[in-house]
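**Student:** My questions all concern the structure below.
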Ligand SMILES: Nc1ncnc2c1ncn2[C@@H]1O[C@H](COP(=O)(O)OP(=O)(O)OP(=O)(O)O)[C@@H](O)[C@H]1O
Ligand SMILES: [Mg+2]
């Protein structure tokens, strides 16, 4: 099922089009005692190849929203149309496959496998996605290329414990790029780094938009939020500020 509304999304995310369209998204959690609304009628669009920030105080729903964008969690109501596809329409197994190809995820605490080298961590991502069509014999080369993109080629054989925090996060970015997804989603990617490493890692993420990627990130740092091309601000699960997060409609491939 593809977007049919006026704000059409494009499958490939050509520049100027809408890549992600979130419509009236609500996430509520019901326990025996009560229902808590974590996201409340959230509507916005992410322009393709943008650097897109999600801001807001602790507990405002940022991570919950990212989990909806990656399909890790499902909305209570509303929809996420991502690259022309409605995530809700996908079954769990299809969603996992889709995620592997379309989204690279970067976590605050890196989440590298400690017993694997930098290159092996990236190989694992390729393995999980069967190389996204790349023949197996090219996987090691691809892993090294990803490390070179984050300027860590010479450290490919180090274990995470032999790398600094900033270097580990760069490996995590390289891993997120392994299957060449159009979108990177990063939850506080610099939250665990000193300010020098934070800027280095952020520059790297920001530079990926020049390679055609869309980068959606959560940050508490106002300096990093200010560098976004488009941004939403959440408070108590609602959007209270929105800058440049509306669609620019140029694409014609929405119904492809
Ligand atoms: N499974 C859950 N059950 C109940 N409440 C939840 C659950 N997951 C999240 N919440 C609540 O939803 C709200 C939003 O959580 P979320 O983790 O999205 O916030 P956040 O903006 O990412 O915060 P932080 O900046 O601290 O990471 C919080 O009040 C949290 O306690
Ligand atoms: Mg969070």
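Residue numbers (our numbering): 63 to 318.
A virtual CB, placed ideally from N, CA and C, is assigned to each residue, including glycine.
Do residue 119 and residue 87 have their C-beta atoms closer together than 9 Å?
**Tutor:** As a first step, residue 119 is located in the chain shown; it is residue number 57 there, counting from the start. As a first step, residue 87 is located in the chain shown; it is residue number 25 there, counting from the start. No; because the gap between Cβ atoms is not below 9 Å, this pair is not in contact.
**Student:** Per DSSP, residue 125 forms a beta bridge with which residues?
**Tutor:** Within the chain shown, residue 125 is the residue found at index 63, counting from 1. Bridge partners of residue 125: none, in fact.
**Student:** Just to confirm before moving on: does the CB-CB distance between residue 233 and residue 222 stay below 9 Å?
**Tutor:** Translated into positions along the chain shown, residue 233 becomes position 171. Translated into positions along the chain shown, residue 222 becomes position 160. The answer is yes: Cβ separation under 9 Å.
**Student:** What separation, rounded to the nearest whole angstrom, lies between the Cα atoms of residue 128 and residue 280?
**Tutor:** As a working note, residue 128 is residue 66 in the chain shown. As a working note, residue 280 is residue 218 in the chain shown. Roughly 8 Å between the two C-alpha positions.
**Student:** Within 10 Å of its beta-carbon, does residue 153 have 16 or more other beta-carbons around it, so buried, or fewer, so exposed?
**Tutor:** By 1-based counting over the chain shown, the position of residue 153 is 91. It counts as exposed.
**Student:** Rounded to whole angstroms, how far is the Cβ of residue 241 from the Cβ of residue 163, which I believe are closer than 8 Å?
**Tutor:** Mapped onto the chain shown, residue 241 falls at position 179. Mapped onto the chain shown, residue 163 falls at position 101. 6 Å between Cβ atoms; contact.
**Student:** What are the start and end residues of each continuous alpha helix (DSSP H) run of 4 or more residues lying completely inside the stretch 259-315, in chain order?
**Tutor:** Counting only runs of 4 or more, we get 284-287.
**Student:** Please name the residue, chosen from 132, 300, 285, 98, that lies closest to residue 246 on a Cα-to-Cα basis.
**Tutor:** Counting from 1 along the chain shown, the entry for residue 246 is found at position 184. When each option's Cα is compared against that of residue 246, the closest is 132.
**Student:** Quick one: using the 10 Å Cβ neighbour count with 16 as the cut-off for buried, is residue 295 buried or exposed?
**Tutor:** For the purposes of this step, residue 295 is taken as the residue at position 233 of the chain shown. Result: buried.
**Student:** Starting from residue 246, follow the alpha helix (DSSP H) in both directions and report where the run begins and ends.
**Tutor:** In the chain shown, counting from the first residue as 1, residue 246 sits at position 184. That residue, residue 246, is in no alpha helix (DSSP H); its beta strand (DSSP E) goes 245-249.
**Student:** Using only the alpha-carbon positions, how far apart do residue 148 and residue 112 sit?
**Tutor:** In the chain shown, the residue the question calls residue 148 occupies position 86. In the chain shown, the residue the question calls residue 112 occupies position 50. Distance between the alpha carbons of residue 148 and residue 112: 20 Å.
**Student:** Hey, would you say residue 249 sits closer than 9 Å to residue 155, going by beta carbons?
**Tutor:** As a first step, residue 249 must be located in the chain shown, where it is residue number 187. As a first step, residue 155 must be located in the chain shown, where it is residue number 93. No, the pair does not count as a contact, with Cβ atoms beyond the cut-off.
**Student:** Use the C-beta contact count for residue 175: other C-beta atoms within 10 angstroms, 16 or more gives buried, fewer gives exposed.
**Tutor:** Taking the chain shown and counting its residues from 1, the one referred to as residue 175 is at position 113. Exposed, by the Cβ-count rule.
**Student:** Return the CA-CA distance between residue 303 and residue 157, expressed in angstroms with no decimal places.
**Tutor:** Indexing the chain shown from 1 puts residue 303 at position 241. Indexing the chain shown from 1 puts residue 157 at position 95. Cα-Cα distance, rounded: 30 Å.
**Student:** In this structure, how does DSSP classify residue 63 when only helix, strand and coil are distinguished?
**Tutor:** For the purposes of this step, residue 63 is taken as the residue at position 1 of the chain shown. Because residue 63 carries a pLDDT of 32, less than 50, the predicted location of this residue cannot be relied on, and no value is offered for it.
**Student:** Sorry if obvious, but does the Cβ on residue 104 come closer than 8 Å to a heavy atom of ligand 2?
**Tutor:** The residue labelled residue 104 in the question sits at position 42 within the chain shown. No - ligand 2 has no heavy atom lying nearer than 8 Å to the Cβ of residue 104.
**Student:** Could you check where the beta strand (DSSP E) with residue 113 kicks off and where it finishes?
**Tutor:** Position 51 of the chain shown, counted from the start, is the residue given in the question as residue 113. Counting along the chain, the beta strand (DSSP E) containing residue 113 begins and ends at 113-117.
**Student:** Mind checking residue 91: buried by the 16 CB within 10 Å criterion, or exposed?
**Tutor:** Numbered from its first residue, the chain shown carries residue 91 at position 29. So residue 91 counts as exposed.
**Student:** Anything with a beta carbon under 7 Å from a heavy atom of ligand 2 counts; list them all in chain order.
**Tutor:** Every residue passing the under-7 Å Cβ criterion appears here: 124, 125, 249, 250, 280.
**Student:** Taking the beta strand (DSSP E) that residue 134 falls in, what are its first and last residues?
**Tutor:** Numbered from its first residue, the chain shown carries residue 134 at position 72. Careful: residue 134 lies outside any beta strand (DSSP E) and carries neither H nor E.
**Student:** Give the single residue among 104, 188, 301, 89 whose Cα lies nearest to the Cα of residue 166.
**Tutor:** The residue you call residue 166 lines up with position 104 of the chain shown. Answer by Cα proximity: 188.
**Student:** From the DSSP output, read off the bridge partner residues of residue 233.
**Tutor:** Position 171 of the chain shown holds residue 233. Looking at the DSSP assignment, residue 233 forms no beta bridge with any residue, so it has no partner.
**Student:** Out of 122, 231, 244, 287, state which residue places its alpha-carbon closest to the alpha-carbon of residue 183.
**Tutor:** For the purposes of this step, residue 183 is identified with residue 121 of the chain shown, where counting begins at 1. The residue with the shortest Cα to Cα distance from residue 183 is 231.
**Student:** If residue 293 and residue 306 are in contact, beta carbons under 8 Å, what's the gap, nearest whole angstrom?
**Tutor:** Sequence index remark: in the chain shown, residue 293 carries index 231 (1-based). Sequence index remark: in the chain shown, residue 306 carries index 244 (1-based). Indeed they touch by this definition, with Cβ atoms about 7 Å apart.
**Student:** If we call anything under 9 Å between Cβ atoms a contact, is residue 143 one with residue 104?
**Tutor:** Here residue 143 refers to the residue found at position 81 when the chain shown is read from its first residue. Here residue 104 refers to the residue found at position 42 when the chain shown is read from its first residue. The answer is no: Cβ separation not under 9 Å.
**Student:** I'd like the span of the alpha helix (DSSP H) that includes residue 162, first residue to last.
**Tutor:** Position 100 of the chain shown holds residue 162. Unbroken alpha helix (DSSP H) run through residue 162: 154-164.
**Student:** Inspect the beta-carbon positions of residue 229 and residue 239 and report whether they are closer than 9 Å.
**Tutor:** Counting from one through the chain shown, the residue named residue 229 turns up at place 167. Counting from one through the chain shown, the residue named residue 239 turns up at place 177. Against a cut-off of 9 Å, the Cβ pair of residue 239 and residue 229 comes out as no contact.
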